[in-house]
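Those protein sequence lines, which keep their order, are chains Y and B. The first sequence begins at 64 in the numbering used here and counts up by one. The second sequence begins at 1230 in the numbering used here and counts up by one. Don't be surprised by glycine CBs; every beta carbon is placed ideally from N, CA and C.
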Amino acid sequence: KEVEQDPGPFNVPEGATVAFNCTYSDRGSQSFFWYRQYSGKSPELIMFIYSNGDKEDGRFTAQLNRASQYISLLIRDSKLSDSATYLCVVNTGGSYIPTFGRGTSLIVHP
Amino acid sequence: GAGVSQSPSNKVTEKGKDVELRCDPISGHTALYWYRQSLGQGLEFLIYFQGNSAPDKSGLPSDRFSAERTGGSVSTLTIQRTQQEDSAVYLCASSQVIGGNEQFFGPGTRLTVL
């Protein structure tokens, strides 16, 4: 079971829109999560998505495409505080042990 | 309510010593996970507890590593005869499996083996 992410870094100005993609290998995967991890801190949950399509929460939109086996995270109106590593996490239906991607680094500059 | 807590926050030990790391999950969360994260690396799964079921130890890197969970709550991760390559941040997470598998992480224990 693999979860692949572009490590980046993505370097964007404040106010920009940025998107990260994540692909997964196990077609039986059921639930999908995005976590944010600031340097030296533990991961914190941003969003989860279980159904095909888009899910919006404030400035964040997660998209799941089961046919193509990818999920994405879109961040609108980027803020300096969005600078972090974004972890894609995938769960298969038969296991409660998630598979973590290695993360995508985002740097938002003034 | 209180989140996941871990202690100690930092631990420095000498090679060959044993260490114990503690995790207090969110009350009511039946699942508890231990992970390891080395500097600049991704999260490495170590062990998973679910209720009263036998734990999934498939991620433990060697028999020097063990963990227990008493009363379905607090968990202790023990590393015997520590080696320098054990130096990492050890993260604990809990989840309410029935409602979903969103995990909530503790602040971690930074272990340094000299």
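Collapsed DSSP secondary structure at residue 1247(B) in the structure displayed: On the second sequence, position 18 is the one that residue 1247(B) refers to. It is coil, neither helix nor strand.
Cβ neighbour criterion (16 or more within 10 Å) applied to residue 140(Y): Locating residue 140(Y) in the first sequence gives position 77, counting from the first residue. With fewer than 16 other Cβ atoms within 10 Å, it is exposed.
Residue range of the beta strand (DSSP E) that includes residue 116(Y): Here the question's residue 116(Y) lines up with position 53 in the first sequence. 116-120 is the extent of the beta strand (DSSP E) around residue 116(Y).
For residue 1326(B), the first and last residue of its enclosing beta strand (DSSP E): Stepping through the second sequence from its first residue, residue 1326(B) is reached at position 97. Counting along the chain, residue 1326(B) falls outside any beta strand (DSSP E), and DSSP gives it neither H nor E.
Straight-line Cα distance separating residue 1276(B) from residue 1289(B): By one-based count along the second sequence, residue 1289(B) stands at place 60. By one-based count along the second sequence, residue 1276(B) stands at place 47. One C-alpha to the other measures close to 6 Å.
Cut-off 6 Å between Cβ atoms - residues of its own chain near residue 1251(B), not counting five sequence neighbours on either side: Numbered from 1 along the second sequence, position 22 holds the residue referred to as residue 1251(B). Within the same chain, and ignoring the five residues on either side of residue 1251(B) in sequence, the residues whose Cβ sits closer than 6 Å to its Cβ are 1236 and 1305.
Pick from 88(Y), 160(Y), 102(Y) and 69(Y) that is closest to residue 146(Y), judged by C-alpha positions: In the first sequence, the residue the question calls residue 146(Y) occupies position 83. When each option's Cα is compared against that of residue 146(Y), the closest is 102(Y).
Segment limits, beta strand (DSSP E) that includes residue 172(Y): The sequence position of residue 172(Y) within the first sequence is 109, counting from 1. Segment 167-172, the beta strand (DSSP E) holding residue 172(Y).
Whole-angstrom distance between residue 88(Y) and residue 67(Y), CA atom to CA atom: Here residue 67(Y) is taken as the residue at index 4 of the first sequence, counted from 1. Here residue 88(Y) is taken as the residue at index 25 of the first sequence, counted from 1. Rounded to the nearest whole angstrom, the C-alpha separation of residue 67(Y) and residue 88(Y) is 9 Å.
Reduced DSSP secondary structure (H/G/I, E/B, other) of residue 69(Y): Taking the first sequence and counting its residues from 1, the one referred to as residue 69(Y) is at position 6. Looking at residue 69(Y) - three-state DSSP - the assignment turns out to be coil, as it is neither helix nor strand.
Buried/exposed call for residue 1311(B), threshold 16 Cβ in 10 Å: Numbered from 1 along the second sequence, position 82 holds the residue referred to as residue 1311(B). By the 10 Å Cβ count, residue 1311(B) comes out buried.
Cβ neighbours of residue 81(Y) in the same chain (closer than 7 Å, five flanking residues each side left out): Here residue 81(Y) refers to the residue found at position 18 when the first sequence is read from its first residue. Counting only Cβ-Cβ distances below 7 Å, and skipping sequence neighbours, we find 73, 75, 138, 141 and 169.
Contacts of residue 1272(B) in chain Y (Cβ-Cβ under 7 Å): By 1-based counting over the second sequence, the position of residue 1272(B) is 43. By Cβ distance, chain Y contributes 163.
First and last residue of the uninterrupted beta strand (DSSP E) at residue 113(Y): Within the first sequence, numbered from 1, the residue matching residue 113(Y) stands at position 50. First-last for residue 113(Y): undefined, no H or E at that position.
Terminal residues of the beta strand (DSSP E) in which residue 1316(B) lies: Position 87 of the second sequence, counted from the first residue, corresponds to residue 1316(B). No beta strand (DSSP E) holds residue 1316(B); DSSP gives it neither H nor E.
Residue 1277(B): contacting residues in chain Y (beta-carbon distance under 7 Å): Taking the first residue of the second sequence as 1, we reach residue 1277(B) at position 48. Those are 159 and 160, listed as they occur along chain Y.
Assigned secondary structure, residue 140(Y) (DSSP; H/G/I helix, E/B strand, else coil): What you label residue 140(Y) is simply residue 77 of the first sequence in a count that begins at 1. Of the three classes helix, strand and coil, the one that applies to residue 140(Y) here is coil, per DSSP.
C-beta atoms of residue 1331(B) and residue 96(Y) nearer than 8 Å: Indexing the second sequence from 1 puts residue 1331(B) at position 102. Indexing the first sequence from 1 puts residue 96(Y) at position 33. Taking 8 Å as the Cβ cut-off, residue 1331(B) and residue 96(Y) qualify as a contacting pair.
Below-8 Å beta-carbon distance, residue 1300(B) vs any chain Y residue: Residue 1300(B) sits at position 71 when you count from the first residue of the second sequence. Residue 1300(B) does not count as touching chain Y.
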